[in-house]
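Q: Handing you a structure now.
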Amino acid sequence: MDPTPIKIGNLSFRSRLFVGTGKYASFEQMRACLEASRCEVVTVAVRRERLIDSENRNLLDYIDTDRYTILPNTAGCFTADDAIRVARLGRDILEQLNNPGAAWVKLEVLHDKKTLLPDPVATLEATRELIKDGFSVLVYSSDDPAMACRLKEAGAASVMPAGSPIGSGQGVLNPNAIRIILEMLKEGDADYPVIVDAGVGTASDVSIAMELGADGVLLNTGIAHAQEPELMARAMAHALDAGYLAYRAGRIPKKLYATASSPVEGTIVY
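Counting from 1, position 242 in the sequence shown corresponds to residue 242 in my numbering; the numbering is continuous, with no gaps.
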């Protein structure tokens with residue numbers, strides 16, 4: 001894998017795969033999948049009821065906080081005020097653990113429980129407030145280029161457009177929108193990190209996102225709900241490497257007709 005790191009705010013990572021910690025059959029399975037994915041950043045929903053399981057075990061006890069940077073997220077929030085409160089709670093928890101993720105938040109402000117798509121107005125409002133409060137904000141967004149631009153202008157450390165609805169497994173439904181977002185957000189700022197977030201179902205979805213030029217992919221359900229989660233975690237890691245290198249290499253143009261792969265010069269004539 002190319003060792004070029006991804007930089008977000010004042011943090012940098014070699015792995016461009018960001019993996020969630022929800023929906024696994026057990027904390028032990030989650031820990032094994034994080035290892036298999038080779039990720040360096042793990043996302044954690046910080047609402048208290050999501051940190052403790054039915055046996056009163058704490059999810060954070062199964063994450064090596066010296067090895068992984070935790071990206072606290074505001075999953076399950078439907079108002080800006082709620083998201084801001086949860087972000088501050090996450091900061092308090094991670095400061096006690098002395099984890100570098102205490103300085104940032106993955107912001108999710110959802111519109112409704114059926115689609116789990118972001119509320120654009122509340123998301124922008126929360127982004128502005130959290131930045132004022134000193135957070136480095138990574139924002140879950142729709143694939144609307146105009147909204148992505150507004151979030152960057154507001155000071156978001158990274159815009160994270162959805163490939164498709166959360167947990168849907170549909171992959172990147174609108175690659176042209178992602179291309180436009182990448183073009184617009186990176187104009188004059190080539191290193192600005194754009195991470196495709198949500199909807200990944202299998203390894204090829206990760207490769208597609210990276211071949212578009214995304215700087216990384218964040219996923220959870222695609223691993224956690226696979227028939228063999230640990231095996232899928234390994235596949236996702238390899239797919240990200242392949243897609244990233246393919247984008248860097250530059251694909252050949254698509255053509256309507258065939259082009260001979262063997263040279264035609266010097267062909268023997270009978």
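Where is the CB? At the ideal position from N, CA and C, for every residue including glycine.
Predicted, not measured: the structure shown is a model, and the values here were computed from it.
Under 8 Å, with one C-beta from each stretch per pair, do the segment 221-236 and the segment 35-44 reach the 3-pair mark?
A: Yes, since at least three Cβ pairs between the segment 221-236 and the segment 35-44 fall closer than 8 Å, the two stretches touch.
Q: Alpha carbons only, please: which of L245, I223, N73 and T202 is nearest the one belonging to A25?
A: Nearest of L245, I223, N73 and T202 to A25, Cα basis: I223.
Q: In chain order, which beta strand (DSSP E) runs of at least 3 residues are fully inside the segment 157-231?
A: The segment 157-231 contains these whole beta strand (DSSP E) runs: 158-161, 195-197 and 216-219.
Q: Taking a contact to mean a Cβ-Cβ separation below 8 Å, would you say A203 touches G163 in this structure?
A: No; because the gap between Cβ atoms is not below 8 Å, this pair is not in contact.
Q: With respect to the beta strand (DSSP E) encompassing K7, which residues constitute its N-terminal and C-terminal limits?
A: Element bounds for K7: I6 to I8.
Q: Within this structure, are the beta carbons of T123 and V105 separated by less than 8 Å?
A: No.
Q: Identify whether K106 lies in helix, strand or coil by the three-state DSSP scheme.
A: Note: K106 maps to strand in three-state DSSP.
Q: Taking L117 as part of the alpha helix (DSSP H), name the residues at either end of that continuous run.
A: Here L117 belongs to no alpha helix (DSSP H), and DSSP marks it neither H nor E.
Q: Could you give the C-beta distance for G243 and I195, rounded to a whole number, given that I count them as a contact under 8 Å?
A: Incorrect: roughly 13 Å between the Cβ atoms, too far for contact.
Q: Can you give me the C-alpha to C-alpha distance between I178 and R31, rounded to a whole angstrom?
A: I178 and R31: Cα-Cα distance of roughly 31 Å.
Q: Below 8 Å between beta carbons: does that hold for F27 and L218?
A: Contact: no.
Q: For E230, I'd like the list of residues in its chain whose CB is within less than 7 Å of its CB, leaving aside the five on either flank, ordered along the chain.
A: For E230, where only same-chain residues beyond five positions count, the Cβ hits under 7 Å are A32, C33 and A36.
Q: Go ahead and pull the three-state DSSP assignment for I70.
A: Three-state result, I70: strand.
Q: CB-CB under 7 Å to E55, same chain, minus the five flanking residues each way: which ones, in chain order?
A: If we look at E55 and ignore the five residues flanking it on each side, it has no Cβ neighbours.
Q: Just to confirm, are V86 and T74 a CB contact at a threshold of 8 Å?
A: Yes, they are a contact pair.
Q: Starting from L94, trace the alpha helix (DSSP H) both ways and give me its first and last residue.
A: Unbroken alpha helix (DSSP H) run through L94: A80 to L97.
Q: The beta strand (DSSP E) that contains L138, what's its start and end?
A: Element bounds for L138: S136 to S141.
Q: Any idea what DSSP makes of G250, helix, strand or coil?
A: It is coil, neither helix nor strand.
Q: May I ask you to report which of helix, strand or coil DSSP gives S26?
A: Of the three classes helix, strand and coil, the one that applies to S26 here is coil, per DSSP.
Q: In the DSSP output, what is V42 paired with across the bridge?
A: Paired residues: V19 and I70.
Q: Taking 8 Å as the CB-CB cut-off, is E211 touching chain B?
A: Absence of chain B from the displayed structure is noted, only one protein chain being present.
Q: Check whether the Cβ atoms of P100 and V109 sit closer than 8 Å, and answer yes or no.
A: No. Outside cutoff.
Q: The alpha helix (DSSP H) that contains L151, what's its start and end?
A: Unbroken alpha helix (DSSP H) run through L151: P145 to A154.
Q: Is L256 helix, strand or coil when you go by DSSP?
A: Of the three classes helix, strand and coil, the one that applies to L256 here is coil, per DSSP.
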